[in-house]
Amino acid sequence: MQALPSIAFGGFSGSAKGVTARQVAGRTILSVKSWPTGQTTNAQVARRTSMSKISKSWKLLSNDQMREWDRLAEHTSGQSAFGQKAEISGMNLYIRLNVNRAMAGEALLSSAPAGTVAVPNVEYSQIAVTPELVAITGIKHQASPYKLVVKMSAGQSAGISNGWSKTVIITPGIEDDWGEADVTTLYLKTIGVEPVPGQKVFVESYWMDTSTGFSGQPVQDSVIVTGEAPHGRRVRVTMDTLDPTEDNNVTAIDVDFSTGAPVAQFNAVCLGHSNVASSIVYLDRELPTEVIGTGICLGRANGPDGKIVAQSYMVWVRNYYGKADMTFAHRGGYYVAKTECFGAGVMY
Amino acid sequence: MFNSTGNNFGAGQISFKDYQASNYVVLNSKFSFDPTNADYQACEQLEIYVPDLSIDRSAVGAVFIRFVEDQHWSWGDSVYDGGSILKSWVKDKNTIVIEKQPWFDQNGPLIIYILTLYPQLNQGGNTIKGTQQRLTMTTPDNYLRFGYETFMVEFEHWVFIHLFFSGCTYAYRDSLWEVTMEELPADITADVPICGGGNQFHPECDGMAEAHIENKVLSNQRRVMGFWDTGHDPFVYAFLVRDNNE
Chain F
16 MQALPSIAFG
26 GFSGSAKGVT
36 ARQVAGRTIL
46 SVKSWPTGQT
56 TNAQVARRTS
66 MSKISKSWKL
76 LSNDQMREWD
86 RLAEHTSGQS
96 AFGQKAEISG
106 MNLYIRLNVN
116 RAMAGEALLS
126 SAPAGTVAVP
136 NVEYSQIAVT
146 PELVAITGIK
156 HQASPYKLVV
166 KMSAGQSAGI
176 SNGWSKTVII
186 TPGIEDDWGE
196 ADVTTLYLKT
206 IGVEPVPGQK
216 VFVESYWMDT
226 STGFSGQPVQ
236 DSVIVTGEAP
246 HGRRVRVTMD
256 TLDPTEDNNV
266 TAIDVDFSTG
276 APVAQFNAVC
286 LGHSNVASSI
296 VYLDRELPTE
306 VIGTGICLGR
316 ANGPDGKIVA
326 QSYMVWVRNY
336 YGKADMTFAH
346 RGGYYVAKTE
356 CFGAGVMY
Chain S
51 MFNSTGNNFG
61 AGQISFKDYQ
71 ASNYVVLNSK
81 FSFDPTNADY
91 QACEQLEIYV
101 PDLSIDRSAV
111 GAVFIRFVED
121 QHWSWGDSVY
131 DGGSILKSWV
141 KDKNTIVIEK
151 QPWFDQNGPL
161 IIYILTLYPQ
171 LNQGGNTIKG
181 TQQRLTMTTP
191 DNYLRFGYET
201 FMVEFEHWVF
211 IHLFFSGCTY
221 AYRDSLWEVT
231 MEELPADITA
241 DVPICGGGNQ
251 FHPECDGMAE
261 AHIENKVLSN
271 QRRVMGFWDT
281 GHDPFVYAFL
291 VRDNNE
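Residue numbers (our numbering), protein chains in the order written: chain F, 16 to 363; chain S, 51 to 296.
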């Protein structure tokens with residue numbers, strides 16, 4: 016029988032079987048060797064590679080830069096354990112903040128930020144998870160440089176009450192789109208399967224200050240997958256909603272009817288067609304009847320000849336044989352085929 | 051009404067007429083600035099600082115920018131005023147942003163007209179449709195004529211107008227125009243740009259004149275020389291705050 020010192024009492028360090036004891040700032044930390052469950056995702060591989068590179072880059076810093084990070088680390092807490100505030104080294108802080116920044120697509124930060132940053136908590140009204148939609152809605156907007164990090168689990172049994180350890184990063188940093196973070200595509204890409212009604216999905220979210228890499232307190236939530244979204248989708252016409260089999264006379268379009276006000280928000284780069292002073296787009300679906308009608312908006316010429324003429328455009332929106340189309344018909348000003356329409360316009 | 055608390059392009063204090071709802075604001079203002087001043091040249095975008103608005107950001111709207119230009123000839127003076135539209139948005143509760151474009155920096159001083167509705171998106175409801183009301187444009191002997199798409203959409207606190215000029219009796223081409231918009235509410239006073247009309251010296255932007263609206267009457271004297279050039283159809287596009295919002 017192998018004689019090993021007990022690691023169950025203070026003052027010991029080392030490993031025995033699958034348990035490791037270490038002394039950190041006068042505390043004995045016991046940890047059990049963990050083994051990954053499930054398949055490693057591409058995002059995890061990328062994150063580990065990035066962490067490895069960042070760790071190695073620490074040695075390339077000047078002594079002054081390392082001292083800056085050590086100084087900042089003295090004012091920064093690590094993850095607390097058993098009610099005791101944990102300390103963090105300058106190197107670990109350098110790695111932690113730069114891994115966060117790398118996730119958000121930011122460059123390596125060699126010099127330590129001037130000080131710690133108080134990052135706000137995520138506030139939202141609802142998480143909707145259906146087979147067709149995965150979205151956080153009613154998000155209290157935080158302006159740049161904050162970006163939202165969302166971690167989610169695959170569908171779990173509804174009886175599980177603590178599944179946040181199973182969450183993986185769905186998005187490493189997005190800006191909310193008018194209070195909504197629609198992560199449907201990212202969820203499917205990361206998790207690989209649609210959520211199944213009746214299952215439970217665990218969600219963790221926090222804001223990250225991309226300028227420093229500091230992140231806010233994670234907000235944990237869980238939601239039962241439903242068959243239908245609890246709210247209607249925003250009514251918009253974007254390039255994704257156009258019928259690709261039709262001749263659409265725009266290079267960009269984002270017409271948004273979700274204003275809840277007496278206007279629609281028009282954005283389109285019109286190209287004109289067939290020597291007629293108008294541009295048409297065809298949708299692959301119908302639009303709700305309440306947005307069918309006539310609108311009007313301003314346009315500014317955007318052609319290769321450098322013209323910037325102001326124009327007005329009538330916008331006709333109609334449903335026709337199960338699909339919708341939208342016509343931008345020139346009215347006021349000198350017509351230029353390539354024109355960017357933008358701004359709010361009434362509808363009637 | 052409210053006044054700006056500052057700006058970053060040397061424009062002095064700017065006054066606004068406003069209607070502010072919980073999910074959009076309508077702002078009316080006219081001001082000028084000198085593009086040769088150091089503040090303007092240093093800024094990346096034009097920012098107007100204002101007291102708290104009812105919204106903390108908005109989608110992109112359009113404002114008008116105009117320059118005034120005269121040419122003196124042996125046979126008389128000619129007007130070549132011009133302009134275009136610029137993107138503008140509410141950046142936060144206290145900042146209105148206007149995009150900076152160098153197009154007219156050599157033609158200063160420049161005039162900005164804000165006649166804009168700044169909406170928010172994803173507001174939990176769709177666009178609320180209004181009622182189009184054709185405007186009857188009255189002048190003696192019908193000397194000034196307007197196209198079919200001359201209309202307003204009226205709301206309790208503001209009105210949208212689109213005016214589409216189509217023709218003028220030759221004898222009145224250089225006169226002071228005064229046209230009564232019969233259906234327009236009387237509680238609207240504003241200076242509005244008339245976009246369009248050919249501009250021989252600035253074909254890249256065309257002409258831009260200014261009209262004054264007060265007590266249902268639109269008046270205009272100064273017009274670009276090519277105002278009636280074929281295919282350069284002059285128009286007005288404006289969200290106008292009514293004087294009932296105090």
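Using N, Cα and C, we set each Cβ at its ideal position, and we do this for glycine too.
{"query": "Alpha-carbon spacing of Thr186(F) relative to Met118(F), whole angstroms", "result": "9 Å"}
{"query": "Any 3 or more C-beta pairs closer than 8 Å across the segment 333-345 of chain F and the segment 299-307 of chain F", "result": "yes"}
{"query": "Strand pairing of Pro259(F), partner residues [DSSP]", "result": "According to DSSP, which records beta bridges pairwise, Pro259(F) is partnered with nothing at all."}
{"query": "With 16 other Cβ atoms within 10 Å as the buried cut-off, status of Leu19(F)", "result": "In this predicted model, Leu19(F) has a pLDDT of only 45, less than 50, meaning its place in the structure is not dependable enough to derive any value."}
{"query": "Residue from Leu203(F), Gly178(F), Val240(F) and Ser226(F) with nearest C-alpha to Glu219(F)", "result": "Gly178(F)"}
{"query": "Beta carbon of Gly231(F) nearer than 8 Å to that of Gly111(S)", "result": "no"}
{"query": "Cβ neighbour criterion (16 or more within 10 Å) applied to Met51(S)", "result": "exposed"}
{"query": "Residue nearest to Arg333(F) in terms of C-alpha spacing, selected from Leu313(F), Glu355(F) and Met362(F)", "result": "Met362(F)"}
{"query": "Nearest-angstrom Cα separation, counted from Tyr221(F) out to Arg82(F)", "result": "29 Å"}
{"query": "Coarse secondary structure for Asp299(F), derived from DSSP in three states", "result": "coil"}
{"query": "Thr367(F) and Tyr161(F) closer than 8 Å at C-beta", "result": "Residue 367(F) falls outside the range modelled here, since chain F spans only 16 to 363, and no answer is possible."}
{"query": "As assigned by DSSP and simplified to three states, the class of Val238(F)", "result": "strand"}
{"query": "Residues bridged to Gln70(S) (per DSSP)", "result": "Val75(S)"}
{"query": "Sub-8 Å separation of Gly170(F) and Val238(F) beta-carbons", "result": "no"}
{"query": "Classification of Glu97(S) by the beta-carbon crowding that lies within 10 angstroms, buried from 16 upward", "result": "buried"}
{"query": "CB contact below 8 Å: Ser134(S) versus chain F", "result": "yes"}
{"query": "Opposing strand residues paired with Cys312(F) [DSSP bridges]", "result": "Tyr328(F)"}
{"query": "Expected contact under 8 Å - CB spacing of Asp102(S) and Asn144(S) to nearest Å", "result": "6 Å"}
{"query": "Neighbour list for Glu67(F) in chain S, Cβ cutoff strictly below 7 Å", "result": "Residue identity check: residue 67(F) is Ser in the sequence provided, not Glu. Those do not exist, as Ser67(F) stays about 38 Å from chain S at its closest Cβ, beyond 7 Å."}
{"query": "Spatial distance of Thr260(F) from Arg315(F) (CA atoms)", "result": "28 Å"}
{"query": "Selection of the segment 284-309 of chain F by Cβ proximity to chain S, strictly under 8 Å", "result": "Pro303, Glu305, Val306, Gly308 and Thr309"}
{"query": "Chain F contact for Asn172(S) (CB, 8 Å cutoff)", "result": "yes"}
{"query": "DSSP state of Asn157(S) mapped onto helix, strand, coil", "result": "helix"}
{"query": "Check whether Ala288(S) and Val229(S) have beta carbons under 8 Å apart", "result": "no"}
{"query": "Where Asn73(S) meets chain F, residues with beta-carbon distance less than 8 Å", "result": "Thr274, Gly275 and Ala276"}
{"query": "Whole-angstrom C-beta distance between Asn264(F) and Ile295(F), which should lie under 8 Å", "result": "6 Å"}
{"query": "C-beta neighbour in chain S for His90(F), strict 8 Å", "result": "no"}
{"query": "Same chain, Cβ closer than 7 Å to Asn136(F), five either side skipped, listed in chain order", "result": "Gly231, Gln232 and Val234"}
{"query": "Ala240(S) at chain F interface by Cβ criterion, 8 Å", "result": "no"}
{"query": "First and last residue of the uninterrupted alpha helix (DSSP H) at Thr199(F)", "result": "Thr199 to Ile206"}
{"query": "Residues of the segment 97-120 of chain S whose Cβ lies closer than 8 Å to any Cβ of chain F, in chain order", "result": "Asp106, Arg107, Ala109, Val110, Gly111, Ala112 and Phe114"}
{"query": "Buried/exposed call for Leu298(F), threshold 16 Cβ in 10 Å", "result": "buried"}
{"query": "Proximity test, Cβ basis, 8 Å: Met329(F) and chain S", "result": "yes"}
{"query": "Neighbourhood of Tyr132(F) by C-beta distance below 7 Å, restricted to the same chain and skipping five residues each side", "result": "Per the sequence presented here, residue 132(F) reads as Val, with Tyr not at that position. Cβ neighbours of Val132(F) beyond the five flanking positions: Asp224, Thr227 and Phe229."}
{"query": "Alpha-carbon to alpha-carbon, Ser65(F) and Phe59(S)", "result": "43 Å"}
{"query": "Among Asp236(F), Val183(F), Val252(F) and Asp191(F), the one whose alpha carbon lies nearest that of Ile175(F)", "result": "Asp236(F)"}
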